[in-house]
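Trainee: Those protein sequence lines, which keep their order, are chains A and B. With positions in the first sequence counted from 1, the corresponding number in our numbering is that position plus 1. With positions in the second sequence counted from 1, the corresponding number in our numbering is that position plus 1. This structure is in structure tokens; I'll ask about it shortly.
There are 2 protein chains.
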Amino acid sequence: MAPATPQGTGAIAVLRLSGPDVIRLTDELFRSPAGKLLTDAKGYTLHYGELRDGEELLDEVLVSVFRAPHSYTGEDAVEISLHGSPYIMQRVMEWFSARGVRPARPGEFTMRAFLNGKMDLTRAEAVADLIEAETEAQHRVAMHQLRGGFYRQLQDLRRQLVELTALMELELDFAEEDVEFADRSRLTALLRNIKTEIKRLIDSFSQGNVIKHGVAVAIAGAPNTGKSTLLNTLLNEEKAIVTHIPGTTRDTIEDVITLQGIRFRFIDTAGIRQTDDHVEKIGIQRSFRKINEARLVLWLADALRWDEQKDELRQRLADFKTRNPDQPLFLLINKIDAADEALLEKIRRESASMPADEVLFVSAKHKEGIARLEEALVRRFRTDDADAGATVVTNIRHYHALRNALQSLTEAEEAFAAGLSTDLIAVDLRDVLQHLGEITGEITPDDLLEHIFNNFCIGK
Amino acid sequence: MAPATPQGTGAIAVLRLSGPDVIRLTDELFRSPAGKLLTDAKGYTLHYGELRDGEELLDEVLVSVFRAPHSYTGEDAVEISLHGSPYIMQRVMEWFSARGVRPARPGEFTMRAFLNGKMDLTRAEAVADLIEAETEAQHRVAMHQLRGGFYRQLQDLRRQLVELTALMELELDFAEEDVEFADRSRLTALLRNIKTEIKRLIDSFSQGNVIKHGVAVAIAGAPNTGKSTLLNTLLNEEKAIVTHIPGTTRDTIEDVITLQGIRFRFIDTAGIRQTDDHVEKIGIQRSFRKINEARLVLWLADALRWDEQKDELRQRLADFKTRNPDQPLFLLINKIDAADEALLEKIRRESASMPADEVLFVSAKHKEGIARLEEALVRRFRTDDADAGATVVTNIRHYHALRNALQSLTEAEEAFAAGLSTDLIAVDLRDVLQHLGEITGEITPDDLLEHIFNNFCIGK
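As structure tokens, this is what we get:
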């Protein structure tokens, strides 16, 4: 048993119970006005009545009855709709507890649904993602997975792998007899197809990560180039939805903006410059670490100090690009409101050759060029262009399993090309199946299951 | 429509809709796997299916269907059990909103239940009390009221009043003819009975207030007598349930302990002594205000400084008792762990004549005598000895209406005794009925209704 509704005071609170004995047990507490028993009730029916602990009236309630296997968990189940008072919930749970009903562990109802064959692991994990979805893209991806989109794709891969194994074995059996086997082209096509599909799933993780966790954007630059002003301007734009979430490390606060359905996590950094000051050096090292971890960097330059700073700027951008060739870098020329046209023209000319992916001119203070900056950010991480029917991998567990599957598949391919024995190739192909099976839960160690469902909320 | 579950992320969230068109409208969003329509469903049934906004899948849900008049509001009603994601709730509410469904005001469902004759006001108000109940006594009183206990009592009073009116009119009609009317004794008995019952209800309010709001206990005394130590000791007792609630005034925090089902709100005060310091004087004035507002005062004295402080102490206690003769005052002799037996004997002798309701010896630091103090507190405010079937008035609105009813009844009695005309007495008796009718909602102005239901939570 577990409360299925959030903690706190509300109009109603729902207590969910699942197990072979829960309907009979609820009858001991529940009295319908007509004296009917829940034990006699059909599934998917609602019953109004009182909960009475001996003579004491605990609440007037609605009870939903579900019959195995037609329930969320696949077991007999009861949901009691109580008045939304924490006191009543506590009293009712105490009553059941005294009769041997145990509080459910986080995610235990969904885990039982999985163990009872109601859903595979990808669907079970999608339940948690769906509940946590805050944007349209998160909702869409979780819903696709909940509906079995990913599961069907994995089943399809599995079928292809079984066929591939058969073809490889046939090919190798005949190889010794020097017969050119007719289905060679089918084998090659299958292998390519499987690899392509697994690779596409792996690649989708970078998009999935953006959808699930947002895009980490570091704001970098020399001191006093306007980094904090830019951050504030971005946060104060009317169309931006601003939230503050605790950072994952060291209790830092990151500012999150949702632009056109994409979450951007902005990370301010300490100003970067040459210094002999020990404390400042530590701050700058930390800035570099944040910059390297970000998905995209906004590097600010001060238009009014262009000549003075441009050489160091060029060097720093080049260093960054050498270390992080795949990480997008936007150069933002700030304070354009105070620069005259001749200076801007000069900067435009000289910045064109800077090693940055885009150069944008802004005034953080006067909110000039901010809309263009936001468009550039959205354009680079747009996800809703993606095929709505395609699976996007958002779960790091799935990502690792897919990488392992691809690795084993590549080894099988190499072993096959090298003409190694069927036994050796079979081991590799079995590994591929095993890794895919881990994703759906067909082959999943118990401790992994515990770990997966521990991340759920209570009552699901 | 309104969410019926608390805000936040949980396993499920329930959206409640009520009105003549909601079942048909939900059919436009809902698709059952078998293509069945909710419009064809019986009341008290559950339906599994999808919510689809056009082609977009919003969620997989359970829908409860209720048919007028067999629903909470008395109207057709639907409850949709969604996955507990704020995003999904928002999307679904937006869908209904675009089709003219309005978010419910706080308490609107219960207000409709009242307006549709499903419950009177005392029961409607009990719903809000029940949801907020945190102790057994609060729960018991709210449940009694929800079950119509108070309502039946008021109906009974009403019947007696109607009979009384008839008897008074008869008596007055015959008075002019100098006939001794036979039912005079019946009239007197009725009048006494009604008065007694209304008085009992009014008196129960002081107990009801304790049940609903807890007992405000001020901790007073000279500086350094151990007031804060006592508070901490009380809060740290294992058996005490400690909660922190924001005070009703000036954002002060009061510490609440529930002892044997009774809530005590402890209020620490600044030390009281003679002083010329302006700022300290203000603090002491504030202490006096808190002490005067409390239901009970714990006045601490330092055993080790007894001789030095006893005269001022006696004077202060006497002053307090003069100003607040009905307010219980406990004198606590603190620091007894450091006092020798001779000193304690002396204090025992001298404190016996102090103007305090109880004298208790404690060591706040060493937790001596604390259990006895708690027992003394509980004994004075015990409520569970009260007849479990009796109505306890907890609502200040009911309290005022009862006081007004008693006032009008007294006026009717006096007018009758003075032999005034039937018309005049009828006005007074109609006032009594009017005041009682306000409690049940039979006679209630619209703006009062708004005010009552505004205190409800959303979704109820």
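Glycine included, every Cβ here is placed at the ideal spot set by N, Cα and C.
Quick check on the burial criterion: 16 or more other C-beta atoms within 10 angstroms. Buried or exposed for THR197 (chain A)?
Mentor: Result: exposed.
Trainee: Under the assumption that LEU18 (chain A) contacts THR27 (chain A) (Cβ atoms under 8 Å), give the Cβ distance between them as a whole number of angstroms.
Mentor: Confirmed, Cβ separation roughly 7 Å.
Trainee: So, with DSSP's three-state summary, where would you put PHE331 (chain A)?
Mentor: In this structure, PHE331 (chain A) counts as strand in the three-state DSSP scheme.
Trainee: Does THR259 (chain A) come out as helix, strand or coil in the three-state DSSP assignment?
Mentor: Strand at THR259 (chain A).
Trainee: Kindly indicate if chain D contains any beta-carbon less than 8 Å away from that of ALA12 (chain B).
Mentor: No chain D is present in this structure, whose protein chains are A and B.
Trainee: Go ahead and label SER86 (chain A) buried or exposed: buried means 16 or more other beta carbons lie within 10 angstroms of its beta carbon, across all protein chains shown.
Mentor: By the 10 Å Cβ count, SER86 (chain A) comes out buried.
Trainee: By DSSP, does SER364 (chain A) sit in helix, in strand, or in coil?
Mentor: Note: SER364 (chain A) maps to strand in three-state DSSP.
Trainee: Taking the beta carbon of GLU109 (chain A) as the centre, do at least 16 other beta carbons fall within 10 Å, making it buried, or is it exposed?
Mentor: By the 10 Å Cβ count, GLU109 (chain A) comes out buried.
Trainee: I need the straight-line Cα distance from HIS399 (chain A) to LEU131 (chain A), nearest angstrom please.
Mentor: Using only the alpha carbons, I get a separation of about 17 Å.
Trainee: Based on Cα-Cα distance, which residue from A:ALA99, A:ARG290, A:ARG160 and A:PHE267 lies nearest to ILE273 (chain A)?
Mentor: Nearest option by C-alpha distance: A:ARG290.
Trainee: List the residues that DSSP assigns as beta-bridge partners of VAL218 (chain A).
Mentor: A:PHE267 and A:LEU297.
Trainee: With H, G and I counted as helix, E and B as strand and the rest as coil, what does DSSP make of VAL66 (chain A)?
Mentor: In this structure, VAL66 (chain A) counts as strand in the three-state DSSP scheme.
Trainee: At a Cβ threshold of 8 Å, is ILE89 (chain B) touching chain A?
Mentor: Interface residue, yes.
Trainee: In the structure shown, what three-state DSSP assignment does VAL393 (chain B) receive?
Mentor: DSSP places VAL393 (chain B) in coil when its eight states are reduced to three.
Trainee: Quick one, which of A:ARG266, A:ILE220, A:PRO326 and A:ARG264 has its alpha-carbon nearest ILE1 (chain A)'s?
Mentor: Residue 1 (chain A) lies beyond the range of chain A shown here (2 to 461); nothing can be said about it.
Trainee: Can you have a look at THR323 (chain A) and say buried or exposed, based on whether 16 or more other CB atoms are within 10 angstroms of its CB?
Mentor: Exposed: under 16 other Cβ atoms inside 10 Å.
Trainee: Roughly how many angstroms separate the alpha carbons of ARG157 (chain B) and GLN91 (chain B), rounded to a whole number?
Mentor: Here residue 157 (chain B) turns out to be Asp, not Arg, going by the sequence shown. About 47 Å.
Trainee: What do you get for HIS71 (chain B), buried or exposed, if any count of 16 or more other CB atoms within 10 angstroms of its CB means buried?
Mentor: Burial call: exposed.
Trainee: Between the C-alpha atoms of LEU116 (chain B) and GLY50 (chain B), what's the straight-line distance to the nearest angstrom?
Mentor: Cα-Cα distance, rounded: 33 Å.
Trainee: Using the rule of at least 16 other Cβ atoms within 10 Å of the residue's Cβ for burial, across every protein chain shown, is HIS279 (chain A) buried or exposed?
Mentor: HIS279 (chain A) should be labelled exposed.
Trainee: Beta-carbon within less than 6 Å of THR74 (chain A)'s beta-carbon, same chain only, minus the 5 sequence neighbours each way: which residues are those?
Mentor: Excluding residues within five positions, the ones whose Cβ falls inside 6 Å are SER19, PHE110, ARG113 and ALA114.
Trainee: Roughly how far, in whole angstroms, is the beta-carbon of ILE195 (chain A) from the beta-carbon of LEU162 (chain A), given that I think they are within contact range, below 8 Å?
Mentor: Yes, they are in contact, since the Cβ atoms of ILE195 (chain A) and LEU162 (chain A) sit about 6 Å apart, within 8 Å.
Trainee: Taking 8 Å as the CB-CB limit, is HIS367 (chain A) close to chain B?
Mentor: No - not a single Cβ of chain B is within 8 Å of the one on HIS367 (chain A).
Trainee: Measuring alpha carbon to alpha carbon, tell me which of B:THR10, B:ASP308, B:PRO21 and B:LEU305 ends up nearest ASP77 (chain B).
Mentor: Selected option, being the one with the closest Cα: B:PRO21.
Trainee: Any chance you could list the alpha helix (DSSP H) runs of at least 4 consecutive residues sitting entirely within the segment 420-459 of chain A, in chain order?
Mentor: Listed in chain order, the complete alpha helix (DSSP H) runs (minimum 4 residues) inside the segment 420-459 of chain A are 423-441 and 447-455.
Trainee: Using the beta-carbon of each residue, which ones in chain A are nearer than 7 Å to MET144 (chain B)?
Mentor: Result: LEU58.
Trainee: Against chain A, does VAL93 (chain B) count as a neighbour if the rule is that its beta carbon must be under 8 Å from one of theirs?
Mentor: Answer no: the Cβ-Cβ gap between VAL93 (chain B) and chain A never drops below 8 Å.
Trainee: For ALA343 (chain A), does the count of other Cβ atoms within 10 angstroms reach 16, so buried, or fall short, so exposed?
Mentor: The residue is exposed, with fewer than 16 neighbouring Cβ atoms inside 10 Å.
Trainee: Let me know if ILE444 (chain B) comes out buried or exposed under the rule of 16 or more other beta-carbons within 10 Å of its beta-carbon.
Mentor: Label assigned to ILE444 (chain B): exposed.
Trainee: Return no unless some Cβ of chain B is closer than 8 Å to the Cβ of GLY209 (chain A).
Mentor: No, GLY209 (chain A) lies away from the interface with chain B (no Cβ there is under 8 Å from its Cβ).
Trainee: What did DSSP end up calling ILE81 (chain B) once you bin it into helix, strand or coil?
Mentor: DSSP places ILE81 (chain B) in strand when its eight states are reduced to three.
Trainee: Can you tell me the Cα-Cα spacing of ARG287 (chain B) and GLY9 (chain A), whole angstroms?
Mentor: About 34 Å.
Trainee: Give every residue of the same chain whose Cβ lies closer than 7 Å to the Cβ of GLY149 (chain A), excluding the five residues on either side of it in the sequence, and list them in chain order.
Mentor: Cβ neighbours of GLY149 (chain A) beyond the five flanking positions: ARG124.
Trainee: Under three-state DSSP, which class holds VAL15 (chain B)?
Mentor: VAL15 (chain B): strand per DSSP, three-state reduction.
Trainee: Can you tell me which residues form a DSSP beta bridge with ARG53 (chain B)?
Mentor: Looking at the DSSP assignment, ARG53 (chain B) forms a beta bridge with B:LEU58.
Trainee: Quick one: is ARG148 (chain B) near chain A, going by C-beta distance under 8 Å?
Mentor: Yes, ARG148 (chain B) counts as interfacial toward chain A.
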